[in-house]
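Here's the structure we're looking at; comments come further down.
There are 2 protein chains.
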Amino acid sequence: MATTAQPKRSPRERLLAAANELFYHEGVQTVGIDRIIEHAGVAKASLYNTFGSKEELVRAYLESRHGKTMDRLTRAVAARTEPRARLLAVFDSQTDLFARPDFHGCAFASASAEAPRGGLVEQATDTYRGEIRALLAELAAQAGVPDPAALARQLHLVYDGATLSARMDRDPSVAAVSRATAEALLDAALPPARRD
Amino acid sequence: MATTAQPKRSPRERLLAAANELFYHEGVQTVGIDRIIEHAGVAKASLYNTFGSKEELVRAYLESRHGKTMDRLTRAVAARTEPRARLLAVFDSQTDLFARPDFHGCAFASASAEAPRGGLVEQATDTYRGEIRALLAELAAQAGVPDPAALARQLHLVYDGATLSARMDRDPSVAAVSRATAEALLDAALPPARRD
DNA sequence: TGATCCGCAGACAGACCTGTCTACTGTGAG
DNA sequence: CTCACAGTAGACAGGTCTGTCTGCGGATCA
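Those protein sequence lines, which keep their order, are chains A and B. If you count the first sequence from 1, position 37 lands on 36 in numbering that gives the first Met the number 0, and the numbers rise without skipping. If you count the second sequence from 1, position 87 lands on 86 in numbering that gives the first Met the number 0, and the numbers rise without skipping.
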């Protein structure tokens, strides 16, 4: 069977799709198991056979978002060749992201807001943030910045702040501010000789 | 153990203190009414006579944090005279804030993450963010920036991002990055003649 | 044909949630 | 003293939560 769009996806896939929709839009704490299985059209036993607990389902949900976000970013970066444009592509991509009708902020920021410390949510969040930071540092290095790690920390602030503002102010236009801010910081971090 | 036995504070005060402690550290959704009244040493009827509902208690909790934060910022600003230093004082103050052992991110960001849209939490959040934005714009104007509103939006990004990173990465040192980033953006926004 | 397995449907347990209500206690005003 | 009233203690209602368990239908394979 080479068909990718089967009429019946596996319970695991349907559960993850339901989690992606309900957890992301309404919150991990506020959405209960019953609504997940109803939305997925799956038996409760299937959920507990597949994931074992709600917390593990949340972890799987966050991991799936982690993968999607990294795909989105690496695709945006890969579409450019000039190192400076590749770095700024991360912030360009926020324009479309924030404008999506189903955008509702950073899934990790929201999920970790009320998650117990030291749990699976915190683990998934740490992994995610480490990868974002590494991507920014790598692109900063390729752009010829003397201290890529330092610029990556600054840009990570801007990236986070923009995502948070876009949700809390319900204002997608903050993406333009974010992009301009990133550019200003990149310019300030470049040695004068390299600015062109 | 309920931490009371002080000179009799009113039920309202004790409830707000309990809310400030429990809601802030563990989350608005995860902490129930029973834990609030137990921690406050107050009868359940007193809570409902005073606030009417949990949502109203949450609103009062957020308003009290709003007041405390604005006090902290205006005090930090008032301690300086030079306009540039007054603007940067907002970011200087993050150093102490993030280092506090009870720091746990922005109460508004956490509370709004899973709050229903259009509710009291959203209202309180909008008001809070508007005031922060206005403060930044006013300080930017006093610093002689040509477009204070534009710089205020950038600095708000940085302020938000730093608060979020400090919580999610459990890393208070991000305050220094935030301060340096704000300074770089301020410099970039000033007309060359005014930079000194 | 029969055996095995996957998944669905839903009852159930035990805990917790918000919010209401009754009954009691201490205190201050007139 | 009497009365009003603010506050306490806690039962209660009605619902939701996570997680377990049983029973059943359909598919697959020897």
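Note that beta-carbon positions come from the ideal geometry of N, C-alpha and C, so glycine has one too. If you're wondering where the values come from, they're calculated on a predicted model, not measured in any experiment.
Considering only the alpha carbon of each residue, which of A/D168, A/A114, A/P82 lies closest to A/P147? Within the first sequence, numbered from 1, the residue matching residue 147 of chain A stands at position 148. Checking every option, the nearest Cα to that of A/P147 belongs to A/P82.
Cβ closer than 7 Å: which chain B residues qualify as neighbours of A/R128? Taking the first residue of the first sequence as position 1, residue 128 of chain A is located at position 129. Neighbours of A/R128 on chain B, chain order: M167, D168.
With DSSP collapsed to three states, give me the class of B/S9. Counting from 1 along the second sequence, the entry for residue 9 of chain B is found at position 10. Correct three-state label for B/S9: coil.
Own chain residues within Cβ distance below 7 Å of B/L96, not counting five before or after: For the purposes of this step, residue 96 of chain B is taken as the residue at position 97 of the second sequence. Hits under 7 Å: F102.
Against A/S92, what residues of chain B qualify as contacts under a CB-to-CB distance less than 8 Å, listed in chain order? Indexing the first sequence from 1 puts residue 92 of chain A at position 93. Correct list: empty, because the minimum Cβ distance to chain B is about 16 Å.
Specify the secondary structure class of B/L46 as computed by DSSP and reduced to three states. Locating residue 46 of chain B in the second sequence gives position 47, where the first residue counts as 1. Helix at B/L46.
Could you tell me the alpha carbon to alpha carbon distance between A/L14 and A/Y158, rounded to whole angstroms? In the first sequence, the residue the question calls residue 14 of chain A occupies position 15. In the first sequence, the residue the question calls residue 158 of chain A occupies position 159. Spanning the two alpha carbons is a distance of roughly 30 Å.
Could you check the C-alpha separation between B/R64 and B/D70 for me, to the nearest Å? Here residue 64 of chain B is taken as the residue at index 65 of the second sequence, counted from 1. Here residue 70 of chain B is taken as the residue at index 71 of the second sequence, counted from 1. Rounded to the nearest angstrom, the two C-alpha atoms are 10 Å apart.
Test: B/H65 CB closer than 8 Å to a CB of chain A: The count along the second sequence starts at 1 and reaches residue 65 of chain B at position 66. Chain A contact via Cβ: absent.
Compare the C-beta of A/Q153 against all C-beta atoms of chain B and say whether one is closer than 8 Å. The residue labelled residue 153 of chain A in the question sits at position 154 within the first sequence. Output row for A/Q153: interface = yes.
Rounded distance between the beta-carbons of A/L46 and A/L61, thought under 8 Å: As a first step, residue 61 of chain A is located in the first sequence; it is residue number 62 there, counting from the start. As a first step, residue 46 of chain A is located in the first sequence; it is residue number 47 there, counting from the start. About 17 Å; that fails the 8 Å criterion.
Using only alpha-carbon positions, find the residue among A/H24, A/K53, A/I131 that is nearest to B/D168. What you label residue 168 of chain B is simply residue 169 of the second sequence in a count that begins at 1. Taking B/D168 as reference, the option from A/H24, A/K53, A/I131 with the minimal CA-CA separation is A/I131.
Look up A/A4 in the DSSP assignment and say whether it is helix, strand or coil. Within the first sequence, residue 4 of chain A is the residue found at index 5, counting from 1. Any reading at A/A4 needs caution, since the residue's pLDDT is 35, under 50, leaving its predicted position unreliable; the model's value is listed next. Looking at A/A4 - three-state DSSP - the assignment turns out to be coil, as it is neither helix nor strand.
Considering only C-alpha positions, which residue in the set B/P191, B/G40, B/K53, B/A44 is nearest to B/V120? Within the second sequence, numbered from 1, the residue matching residue 120 of chain B stands at position 121. Taking only the C-alpha atoms, the option nearest B/V120 is B/K53.
Taking only the alpha-carbon atoms, compute the straight-line gap between A/M0 and A/E12 and give it to the nearest angstrom. Here residue 0 of chain A refers to the residue found at position 1 when the first sequence is read from its first residue. Here residue 12 of chain A refers to the residue found at position 13 when the first sequence is read from its first residue. Because the pLDDT at A/M0 is just 35, under 50, the model does not fix this residue reliably, and the value given afterwards should be weighed accordingly. Roughly 17 Å separates the two Cα atoms.
Report the neighbours of B/G117 on chain A: residues whose CB is nearer than 9 Å to its CB, in chain order. For the purposes of this step, residue 117 of chain B is taken as the residue at position 118 of the second sequence. Neighbours of B/G117 on chain A: none; closest Cβ ~11 Å, over 9 Å.
Cα-Cα separation between A/L134 and A/L185, rounded to whole angstroms: Taking the first residue of the first sequence as position 1, residue 134 of chain A is located at position 135. Taking the first residue of the first sequence as position 1, residue 185 of chain A is located at position 186. Rounded to the nearest whole angstrom, the CA to CA distance from A/L134 to A/L185 is 15 Å.
Taking only beta-carbon positions, decide if A/V176 is within less than 8 Å of chain B. Translated into the one-based positions of the first sequence, residue 176 of chain A becomes position 177. Answer yes: the Cβ-Cβ gap between A/V176 and chain B drops below 8 Å somewhere.
Can you tell me where the alpha helix (DSSP H) holding B/F107 begins and where it ends? Mapped onto the second sequence, residue 107 of chain B falls at position 108. First-last of the alpha helix (DSSP H) with B/F107: 106 to 112.
Flag this pair as yes or no: are the beta carbons of A/H88 and A/A78 separated by less than 8 Å? Residue mapping note: residue 88 of chain A aligns to position 89 of the first sequence, counting from 1. Residue mapping note: residue 78 of chain A aligns to position 79 of the first sequence, counting from 1. The residue asked about is misnamed: residue 88 of chain A is Ala in this sequence, not His. Cβ distance < 8 Å, so A/A88 and A/A78 count as in contact.
Listed from N- to C-terminal order along the chain, which residues in the stretch 19 to 38 of chain B have their beta-carbon within a distance smaller than 8 Å of any beta-carbon of chain A? E25, G26, V27, Q28, T29
In chain A, what lies closer than 8 Å to B/T180 by C-beta? Position 181 of the second sequence, counted from the first residue, corresponds to residue 180 of chain B. Correct list: Q153, L156, V157, L184.
Measuring CA to CA, which of B/T180, B/A59, B/D91 is closest to B/Q122? Position 123 of the second sequence holds residue 122 of chain B. Minimum Cα distance to B/Q122 is reached at B/A59.
For the alpha helix (DSSP H) containing B/Q153, name the first residue and the last one. Residue numbering aside, residue 153 of chain B sits at position 154 when the second sequence is read from its first letter. Taken as a continuous stretch (DSSP letters only), the alpha helix (DSSP H) holding B/Q153 covers 147 to 167.
Beta-carbon contacts of A/A18 that lie in its chain and below 7 Å, excluding the five residues immediately before and after: Residue 18 of chain A sits at position 19 when you count from the first residue of the first sequence. These residues qualify, in order along the chain: I35, L56, Y60.
Cβ-Cβ distance between A/Q93 and A/A139 below 8 Å: The residue you call residue 93 of chain A lines up with position 94 of the first sequence. The residue you call residue 139 of chain A lines up with position 140 of the first sequence. No. Outside cutoff.
Rounded C-beta distance between B/L163 and A/A181? I'm assuming under 8 Å. Taking the first residue of the second sequence as 1, we reach residue 163 of chain B at position 164. Taking the first residue of the first sequence as 1, we reach residue 181 of chain A at position 182. At roughly 17 Å, the Cβ-Cβ gap does not stay under 8 Å, so B/L163 and A/A181 are not in contact.
Would you please verify whether the beta carbon of A/L163 is less than 8 Å from any beta carbon of chain B? Reading the first sequence from its first residue, position 164 is the one you call residue 163 of chain A. So, interface residue.
Residue nearest to A/S177 in terms of C-alpha spacing, selected from A/P191, A/H155, A/A187: Numbered from 1 along the first sequence, position 178 holds the residue referred to as residue 177 of chain A. The candidate whose alpha carbon is nearest that of A/S177 is A/H155.
When the cut-off is 8 Å and only beta carbons count, does B/G160 lie next to chain A? Taking the first residue of the second sequence as 1, we reach residue 160 of chain B at position 161. Yes, its Cβ sits closer than 8 Å to a Cβ of chain A.
Within-8 Å CB hit, B/E113 to chain A: Numbered from its first residue, the second sequence carries residue 113 of chain B at position 114. At least one chain A Cβ lies under 8 Å of B/E113.
Where A/S109 meets chain B, residues with beta-carbon distance less than 8 Å: Position 110 of the first sequence holds residue 109 of chain A. Simply A112, E113.
Considering Cα atoms alone, identify which of A/R128, A/V76, A/D33, A/P171 is closest to A/Q141. Numbered from its first residue, the first sequence carries residue 141 of chain A at position 142. Put simply, of A/R128, A/V76, A/D33, A/P171 the residue whose alpha carbon is nearest the alpha carbon of A/Q141 is A/V76.
A/E20 and B/Q28: beta carbons closer than 8 Å? The residue given as residue 20 of chain A occupies position 21 in the first sequence. The residue given as residue 28 of chain B occupies position 29 in the second sequence. No. Outside cutoff.
Cβ shell of A/K211 (< 6 Å), same chain only, five flanking positions each side left out: Residue 211 of chain A lies beyond the residue range present for chain A, which begins at 0 and ends at 195; the question has no answer from this structure.
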